[in-house]
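Chains as they are written, first to last, in our numbering: chain A, 1068 to 1776; chain B, 29 to 379. The next block holds one structure in the form of structure tokens; read it before the comments.
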Amino acid sequence: MKLHIRLLEKLIELPEWSVETASNCPLRHLLDDLGLEVKGVEASQEKGIVYTLETLANRGDHLSHVGVAREISARTLAQVKIPTLANQLSDRKASVPVRRATDKCFKYALMDMSVPAGMALRNDVASFVEDPEKLHPIVSILNYVQLEMGQPMHAFDADKIEGEIIVELSTKPEEIDALDGKRYTVPVGSVLIKDRKKIVAVAGVIGCLNSMVTGETRKVLIETAVFDPVSVRITARAMGVSTDSSYAFERGCDYEGMTPALKRVAYLAGGSAGTAKDTESAHVIGVTYAESAPTEKRKVTVLLSSLKRQLNLPRLEEVEVITRFKNLGYVVDSAPASGKDRELALSVPSWRLWDVRNADDVYEDIARSVSLNRVKAELPALDYEAPPLTAFERVAQNIRPALLGSGFVEVISSGFYSAADVAVLEQLSPGIGTQHLTLKNSLEAKNSHMKATNVVHMTKLLAANLKRGVGAAKVYELCRIFSRPAELPSDEPREREELEYDYEHDILAIASAGRWYEGEWRKPEGTADHARLFKGAIAGLIKGLGCRFSVGKGDSPLLHPGIQGSVKCGRHVVGVMGAVHPVIREACETRDEIFYCELDLRLLAKLMIGVPAPAVSDYPAVWRDMTLRLSPREQAGRVLRFVQEAALDSLVNAVIVDDFKKAEEDYRRVTYRITFQRNDRTLKSEEVDAALGGLVESLKSKHGIEMAN
Amino acid sequence: MSVDLSPKNIKDLMTRFEQQLKDVRHKEDLELLKRDWVSKEGFVKELFKGLRDVPADEKPTVAALLNELRSTVDDGLEGKERWLRTDALKAQLAQEYIDLSLPEAASGLGSIHPITVVEDRITEILRPFGFQSIMGPEIETDYYCFDSLNIPKHHPARDMQDTFYTETGHVLRTHTTSVQARILQHRALFENGRLPIKVASFGRAYRNEKEDASHCAMFHQYELVWIEPGLTLAHLLGLMTHIIKELYGKRRKVRFVPKFYPYTEPSVGPQIDCSVCRGQGCPSCGGAGWVTVGGSGMVHSKVLEEFKLDPTKVSGFAFGLGTSRLAGQLYNFPHLRSVYDNDLRVLKEIV
């Protein structure tokens, strides 16, 4: 809302104002403090200072200068100077009859006015309205009165109205040519203002060109009404239009605001009410009202003691409270209650019937008028029974140190994918597109789907950082991915309110590109070294959860077919890791090798155990190296698991220490170092050799793996 | 072979040894000297062997001189050896040099995202009050996101929350307050309305907006609800002030302005003075000098009634802090967008 300070100061005494920030401008500070936040400031010689206010969505009464003045009055206790009104309108009815045929129009009034040719607009009005030179003076007056008092009104050229005014619901979609020069389709169920032959306005939204007031107009019909806010809102949204009028009606207008607004128009138009034959100024011919029922008289009672308790202001005086309520427009009856307490019976003003319904609402009024910053803040009591950490918190607490120690930086990527992102994934994994949940109404093309994997965002993110000159780009994200649910979320209550939503999955995404180590000093690691370092970081975090880490065969279509594996915790596959598929890299415009890992956090949380202190032996360890022949695509780690699972009671450790391939051979030589040790005695050399022999035999017979020469 | 054990000869030998010792410059020379003087065939041993042929009356004098010679030789050789070692070390150290001003080879310490930092710190601040963290779904129904929170269809308040709708007719949660609705419902239906309710939930929320420097379609919130008999607006303001001061320091200015949220009444917007301009007005705070960091209020009686709580007997407050904005203010990000830029040049510096 545009707040003209020159106009406001006609209505109430103001503190100092300027174009400064709230810290330096008392008026701006006051408005902010009242919930009328100043979002913009303009200053011009012509209009003075104009603030743009962000008003509260439930306060239609704030959309006028009188409404703002009332709020200031409740704070400063200065009195509002109500604008001058015509003494009376007319005893006669308007020349055009009115028929109200829908309850979506609570009240309707039509005022008939004659307007002379060459009617002049008062200067004080002209200085506050937009484009006065382009509009008929009567229209400018209506705009001004809405600005001043908040009541939307509309003017028809009376000579273009045929027969009567009918307020009724549309029964079929209607086309209209509106005052803004555009054609709109009005949906079924909208409130229309019609005459006997045509639609002349869409109630509360916009008028039609066919009844527009022009320079030739000599008689106007001024409409004012109280329309159902929801009805106006549905219609305006369906038409795709928002006007000052619809904005005000959607937030609720003053139930009793029609007559004062018409009297103000009559006064400003310069005609003496009802009887004048003055040809120099406009005059009122008649007024017709059509109402559903008298305005509700709503009362809310509140105890002074509970008001003081809510605000923690025990010294708040009754007289102060009553004065503030009165300045807000309430009629207050005070009566004794139990003890020294007082009960205040508050008659709600007609412009607040939309939002004041119970005691909470009037607490808010007093809190605002005394200032929230005067409320004596009080810290609630501590509990000392800190609840246990959730599974997610525990797993996150364990994961972070491992990743931070390896130099990974936490990032937060978007929850969305674009159709283009999904198309890239679809290229690699036909059908994956259908797993992505689509959004119906996204304003941004890049936000058209919910992401079902994080690989594209991580690839883009790393590519962008490498372009920025970041040498070692290592990132992780604890995020959520989505799938099209087999079972849709519903309003049905769930007994377990935790992580378990089948269509949402918490994951840990880890990615790395560029160098592993910081700085340009070292030669960058090759792909194989980078892969091993990346794997080492993942191994570290899995081990940090107390789980046994290994890598199995991978089958992710989104990763390089030859450089990937499944990440295992014990026997459970918890995710995938590997090099991002070149097709994705190309789509993300990068040639850099990017390593990516996606782990299921929910599963990790379930598998996580405490890390017990290992039992160690004081007797010497004995190791033997064993070199095996493996095919080029055989996973050396898989064979390592065979060794570890061989259940030799003295085998305490087995690791891979070499992987070598001679050019002339069609197999690799992978060397495993097997460590033997007992807790109760020193092993003899022949015992170790026998155990190793058994192991070699077992590998050959069970898995067909032989020793290399 | 007889040896000359006259005092003069012994003294001459002593002088000779000292001279030879003086000429030693290398370890090899010292080894030769040791061989000549202290080996089994060395002078000293030979001289002592000759002592048995010395007349008894002269023996004490000769023995004393020989002992003196042996001490001189031993001490001299030991001292020279030490000197040579020191000298060699000096020479070695003079040769060795590594320029430690050259770049280190380390993977560096990673860092936590500013939003997580803020979430963790608020959780830590709240834990002594007994708050439990609960996650919730991000794909929601109208009921949990709006209807149960007193935001009926077609209310202008829904304008404040431009909503993403999925192809299945669901919504992306526009605020983490939807988790509050789930918790209240759960307590009502499965825990017989057990009080107090002290729950914190945080995470992503979504608004269907055109994105620019200060608008993101995805952002982060930290939601809190506390329901217990006797809670008042004063408690809400007290706890919010506590969180903000703990997060930003005691000197940070805090103020509260009236707001409207359908699920709270009264509703309050906590604001802090802008960290970029210190309240003087800048593009980051829209020239206001103050930044709204969340929304809050006393839980609306309609919301309490929706979940079978009697508003005449219990009260409560709730707030949703804009974690993204809090993080922006904590680290002086110029605008909201930069919190989500994922620029590692920036994030690596935040520890």
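Built from N, CA and C at the ideal position, the CB exists for glycine as well.
Proximal chain B residues relative to residue i, where beta-carbon distance stays under 7 Å
{"i": "residue 1442(A)", "result": "261, 262, 265"}
{"i": "residue 1377(A)", "result": "260, 261"}
{"i": "residue 1434(A)", "result": "261, 294"}
{"i": "residue 1537(A)", "result": "372, 373"}
Within chain A, partners of residue i - CB distance below 9 Å
{"i": "residue 144(B)", "result": "1463, 1467, 1477, 1479, 1545"}
{"i": "residue 203(B)", "result": "Going along chain A, no residue has its Cβ under 9 Å from residue 203(B), so there is no contact; the nearest lies around 14 Å."}
8 Å Cβ cut-off: residues of chain B touching residue i
{"i": "residue 1601(A)", "result": "The contacting residues do not exist; residue 1601(A) stays about 11 Å from chain B at best."}
{"i": "residue 1511(A)", "result": "238, 239, 245"}
{"i": "residue 1126(A)", "result": "288"}
Cβ distance (whole Å) where residue i is taken to contact residue j below 8 Å
{"i": "residue 1778(A)", "j": "residue 1348(A)", "result": "Within the shown structure, residues of chain A are numbered from 1068 to 1776, placing residue 1778(A) beyond reach of any answer."}
{"i": "residue 291(B)", "j": "residue 169(B)", "result": "With a Cβ gap of about 16 Å, residue 291(B) and residue 169(B) do not count as contacting."}
{"i": "residue 1666(A)", "j": "residue 1492(A)", "result": "Actually they are not in contact, since the Cβ atoms of residue 1666(A) and residue 1492(A) sit about 19 Å apart, beyond 8 Å."}
{"i": "residue 1367(A)", "j": "residue 1426(A)", "result": "6 Å"}
{"i": "residue 1636(A)", "j": "residue 1674(A)", "result": "5 Å"}
Any C-beta of chain A under 8 Å from that of residue i
{"i": "residue 344(B)", "result": "no"}
{"i": "residue 370(B)", "result": "yes"}
{"i": "residue 111(B)", "result": "no"}
{"i": "residue 192(B)", "result": "yes"}
{"i": "residue 269(B)", "result": "yes"}
{"i": "residue 375(B)", "result": "yes"}
{"i": "residue 174(B)", "result": "no"}
{"i": "residue 136(B)", "result": "yes"}
{"i": "residue 285(B)", "result": "yes"}
{"i": "residue 53(B)", "result": "no"}
{"i": "residue 326(B)", "result": "yes"}
{"i": "residue 182(B)", "result": "yes"}
Contacts that residue i makes with chain A (C-beta to C-beta distance below 7 Å)
{"i": "residue 131(B)", "result": "1586, 1588"}
{"i": "residue 314(B)", "result": "1106"}
{"i": "residue 160(B)", "result": "1454"}
{"i": "residue 276(B)", "result": "Near residue 276(B) there are no residues of chain A at all, since even the closest Cβ is about 16 Å away, more than 7 Å."}
Residue-chain proximity (residue i, chain B), Cβ-Cβ < 8 Å
{"i": "residue 1610(A)", "result": "no"}
{"i": "residue 1343(A)", "result": "Bear in mind that a pLDDT of 40 at residue 1343(A), under 50, signals an unreliable position, so the number given afterwards is only what the model happens to contain. Output row for residue 1343(A): interface = no."}
{"i": "residue 1460(A)", "result": "yes"}
{"i": "residue 1340(A)", "result": "For residue 1340(A), the predicted model reports a pLDDT of 38, less than 50, meaning its position is unreliable; a value from the coordinates is still stated below. Not an interface residue."}
{"i": "residue 1346(A)", "result": "Its pLDDT being 49, under 50, residue 1346(A) is placed unreliably in this model, and the value from its coordinates should be taken loosely. Closer than 8 Å: no."}
{"i": "residue 1528(A)", "result": "yes"}
{"i": "residue 1070(A)", "result": "no"}
{"i": "residue 1297(A)", "result": "yes"}
Within-8 Å CB hit, residue i to chain D
{"i": "residue 1106(A)", "result": "Included in the structure are the protein chains A and B, with no chain D among them."}
Proximal residues of chain A, C-beta to C-beta of residue i below 8 Å
{"i": "residue 329(B)", "result": "1425, 1427"}
Within chain B, partners of residue i - CB distance below 9 Å
{"i": "residue 1532(A)", "result": "370, 371, 372, 373"}
{"i": "residue 1583(A)", "result": "135"}
Can you check the region 92-173 of chain B for any alpha helix (DSSP H) of at least 4 residues that lies completely inside it and give the ranges in chain order? The region 92-173 of chain B contains these whole alpha helix (DSSP H) runs: 142-154, 170-173.
Is the region 1729-1742 of chain A touching the region 1696-1708 of chain A in the sense that three or more CB pairs, one from each, lie closer than 8 Å? Segments in contact, yes.
Does the region 1527-1542 of chain A come within contact of the region 1647-1657 of chain A, defined as at least 3 CB pairs closer than 8 Å? These segments touch.
Determine contact between the region 1203-1217 of chain A and the region 1280-1289 of chain A, defined as no fewer than three beta-carbon pairs at a distance below 8 Å. Short answer: they touch.
Just list the alpha helix (DSSP H) runs in the region 1433-1475 of chain A, keeping only unbroken ones of 4 residues or longer that don't cross its boundaries, in chain order. Uninterrupted alpha helix (DSSP H) stretches at least 4 residues long and entirely within the region 1433-1475 of chain A occur at 1458-1472, given in chain order.
At a cut of 8 Å, does the region 50-69 of chain B reach the region 1751-1765 of chain A through at least three beta carbon pairs? At 8 Å Cβ cutoff, the stretches do not touch.
As an exercise, report each continuous alpha helix (DSSP H) stretch of at least 4 residues that is fully enclosed by the region 1473-1515 of chain A, in chain order. Taking 4 residues as the shortest admissible run, the region 1473-1515 of chain A contains the following complete alpha helix (DSSP H) segments, listed from N- to C-terminal end: 1486-1495.
Three or more beta-carbon pairs under 8 Å between the region 1405-1421 of chain A and the region 1349-1359 of chain A, yes or no? No, because fewer than three Cβ pairs between the region 1405-1421 of chain A and the region 1349-1359 of chain A fall closer than 8 Å, the two stretches do not touch.
Three CB pairs or more closer than 8 Å across the region 331-347 of chain B and the region 1384-1392 of chain A: Counting C-beta pairs with one atom in each stretch, the region 331-347 of chain B and the region 1384-1392 of chain A have fewer than three that are closer than 8 Å, which means they do not touch.
Three or more beta-carbon pairs under 8 Å between the region 1565-1584 of chain A and the region 1456-1467 of chain A, yes or no? Taking 8 Å as the limit for Cβ pairs, the verdict is that the region 1456-1467 of chain A does touch the region 1565-1584 of chain A.
Of all the alpha helix (DSSP H) runs that stay within the bounds of the region 50-83 of chain B, which reach a length of 4 or more residues? 55-66, 71-77, all fully within the region 50-83 of chain B.
Inside the region 1589-1628 of chain A only - beta strand (DSSP E) runs reaching at least 3 residues: For the region 1589-1628 of chain A, whole beta strand (DSSP E) runs of length 3 or above, ordered along the chain, are 1616-1620.
Within the chosen definition, does the region 299-316 of chain B reach the region 215-232 of chain B through at least 3 CB pairs nearer than 8 Å? In short, these stretches do not touch, since the Cβ pair count stays below three.
Taking only runs of the alpha helix (DSSP H) that begin and end inside the region 1370-1429 of chain A, which ones reach a length of at least 4 residues, in chain order? When DSSP assignments are scanned along the region 1370-1429 of chain A, the uninterrupted stretches of alpha helix (DSSP H) that are 4 or more residues long and fall wholly within it turn out to be 1371-1378, 1385-1394.
Under 8 Å: do the region 1322-1332 of chain A and the region 1176-1187 of chain A share three or more Cβ pairs, one atom per stretch? Put simply, the region 1322-1332 of chain A touches the region 1176-1187 of chain A. At least three CB pairs are less than 8 Å apart.
Quick one: complete alpha helix (DSSP H) runs, 4+ long, within the region 1153-1205 of chain A? If we require 4 residues or more, the alpha helix (DSSP H) runs fully inside the region 1153-1205 of chain A come out as 1190-1193.
For the pair the region 230-241 of chain B and the region 1498-1514 of chain A, tell me if three or more CB-CB distances fall below 8 Å. Taking 8 Å as the limit for Cβ pairs, the verdict is that the region 1498-1514 of chain A does touch the region 230-241 of chain B.
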